[in-house]
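Here's the structure, in structure tokens; my notes come after.
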Amino acid sequence: MFEHQNDKLIYLNIQSGLMDVHIKKYHETHQKYYLDSAIITSTELISGIDQVRAGMLLSENKLRFLASAGKKYEKVVNAYLLLAEQENNAQYYEQAFDMVERSKQSLINEAVDKIDAAKFLNMPPELIDQERKLIADQAYYKSKIVNLQNDAVGSQKALSTYQDQLFYSKRQLDSLRQKLQESYESYFDLKYGNRTAKISEVQKRLSVDEALIEFYIYNQSVVAFIISKEQLEVKTVGNTGEINARIKHFRDAIVQQNQQEFVENGHALYQQLMEPILELTDKKHLIIVPD
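The following block contains the structure:
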């Protein structure tokens, strides 16, 4: 659809802007049509994010892009939460949770490149170095190819050479990844797997006395997904500005060893973040996942 990565980025920004328009019109009119339009636009937006991510070879570039893409995921989550509230349909809460997990998983996949895989996953360092070199080589060849294609007097011979080198490098990387999948499955799944947890899968793993509480920050709000074996609840527990200010006071009290401020701010955070959740679940064992 697009020849260059910049065209894809422009398209993403257009889709993101369209979502803003649809959500704004919904708040003005409360007509479901605009939420439906936002959801339709979101499929194009998420697909575009996946395409851009796949086209970026260097992990540093991907991390920068995905950090900015987080704001776009927030818009999608917001649309599903609004639709769930209007329709009173838990299915949309599940789709919102799925978008939350996808936004986090994308960052986790790229962050794997930053860890010492040889230490944590029993990976030979030479294989990791080879993988990184092939990825860097492909990024270099692609940049040269684009420059030569845009240069009216570019050498056709040089262009052909870089295209051949890119093709050969891709074959080598494909072969290496196949070896990683066969011999180092944990590393391969962690780095290249795009599978995210579904609500039903989480519920299957929970015992009858457990609940998973996952916090997510979006649109200057903190929302909690409360998942038990039997049900899913979603609760907005406050705005980020107020909560961040309270957390800062709490940390300052620890550093300054101010017991009174420590107790007061700790209790206030408990009241804001946990009490609303405990009203929705009676489970004794809570698994808390921060954003």
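FYI, in the working numbering the residues of the sequence shown are 9 to 299.
In this text, a Cβ means the ideal position worked out from N, Cα and C, and glycines have one as well.
As the structure is a computational prediction, the values presented were derived from the model and not from experiment.
Residues bridged to residue i (per DSSP)
i              : result
isoleucine 295 : Leu220
leucine 240    : Ile235
isoleucine 225 : Val230
asparagine 247 : Ser229
Which of helix, strand or coil DSSP assigns to residue i
i              : result
threonine 289  : coil
methionine 27  : helix
asparagine 273 : helix
asparagine 97  : coil
asparagine 130 : coil
asparagine 266 : coil
glutamine 103  : helix
serine 50      : helix
serine 215     : coil
histidine 38   : coil
asparagine 14  : helix
Inter-residue spacing [alpha-carbon to alpha-carbon] between residue i and residue j
i                 : j              : result
tyrosine 41       : lysine 141     : 49 Å
asparagine 266    : valine 297     : 28 Å
glutamate 82      : tyrosine 170   : 39 Å
isoleucine 22     : threonine 51   : 13 Å
glutamine 264     : leucine 277    : 18 Å
methionine 9      : lysine 16      : Because the pLDDT at methionine 9 is just 49, under 50, the model does not fix this residue reliably, and the value given afterwards should be weighed accordingly. Whole-angstrom Cα-Cα distance: 9 Å.
aspartate 106     : isoleucine 207 : 8 Å
alanine 166       : arginine 61    : 28 Å
lysine 300        : serine 24      : An answer regarding residue 300 cannot be provided, because it is not within the stretch 9 to 299 covered by the chain.
alanine 46        : asparagine 86  : 10 Å
isoleucine 31     : glutamine 280  : 27 Å
leucine 286       : alanine 261    : 26 Å
leucine 328       : valine 230     : With the chain represented from 9 up to 299, any question about residue 328 goes unanswered, as that position is not in the structure.
phenylalanine 73  : serine 151     : 18 Å
isoleucine 153    : aspartate 145  : 12 Å
threonine 4       : leucine 188    : No information on residue 4 is available, as it lies outside the stretch 9 to 299 that the chain covers here.
glycine 246       : valine 84      : 20 Å
arginine 110      : glycine 78     : 10 Å
isoleucine 143    : serine 168     : 20 Å
lysine 33         : asparagine 227 : 16 Å
asparagine 273    : threonine 248  : 16 Å
phenylalanine 258 : leucine 181    : 49 Å
Of the residues the options, the one placed nearest residue i, counting alpha carbons only
i                 : options                           : result
leucine 90        : Leu53, Arg110, Gly56 and His35    : His35
leucine 220       : Met131, Leu20, Leu294 and Gly25   : Leu294
proline 133       : Ser168, Val108, Tyr176 and Tyr192 : Tyr192
phenylalanine 270 : Gln280, Glu283, Ile255 and Ile18  : Ile255
leucine 43        : Ser55, Leu53 and Val29            : Val29
lysine 291        : Leu135, Val84, Ile54 and Ile235   : Ile235
glycine 232       : Gln39, Asp58, His38 and Ala104    : Looking at the sequence itself, residue 232 is alanine, so the reference to glycine does not match. If we check each option's Cα against that of alanine 232, Ala104 comes out closest.
glutamine 239     : Glu93, Tyr101 and Met282          : Tyr101
leucine 184       : Tyr149, Ile136 and Asn130         : Ile136
*What runs of the alpha helix (DSSP H), each 4 residues or longer, lie entirely inside the stretch 148-205?*
164-191 and 193-200
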